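Residue numbers (my numbering): 138 to 229.
The structure is reproduced here in structure tokens:
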């Protein structure tokens, strides 16, 4: 079974090699091969689950969907940068 799937994938790659007008056909073939492979292995959902694109990781602690106050992104050009600028100008 796996040999048939890999043979179909290799045939799709050979057909689409260097031809821009066959990109849609290649993508459709690749999707069909992936569906056959998922069905053959018994996997019904893509890896990571269905909500993996909707729950970004926290920039600080790397937890999924984490929004605690201490982990929120710092403001861009925060008050520290604005406070230092007038002090530098007045010293001139």
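Glycine included, C-beta positions come from ideal geometry on N, C-alpha and C.
These numbers were taken from a predicted model, which means no experiment stands behind them.
I want to check one thing, is the minimum distance from the CB of residue i to the heavy atoms of the ligand SAM below 7 Å?
i, result
"residue 171", "This structure does not include the ligand SAM; it has no bound ligands of any sort."
Going by CA-CA distance only, name the one from the options that's closest to residue i.
i, options, result
"residue 152", "174, 166, 197", "166"
"residue 169", "195, 178, 146", "146"
Can you round the beta-carbon distance between residue i and residue j to whole angstroms, since I take them to be within the 8 Å contact cut?
i, j, result
"residue 175", "residue 142", "Wrong, their Cβ atoms sit about 10 Å apart, outside the cutoff."
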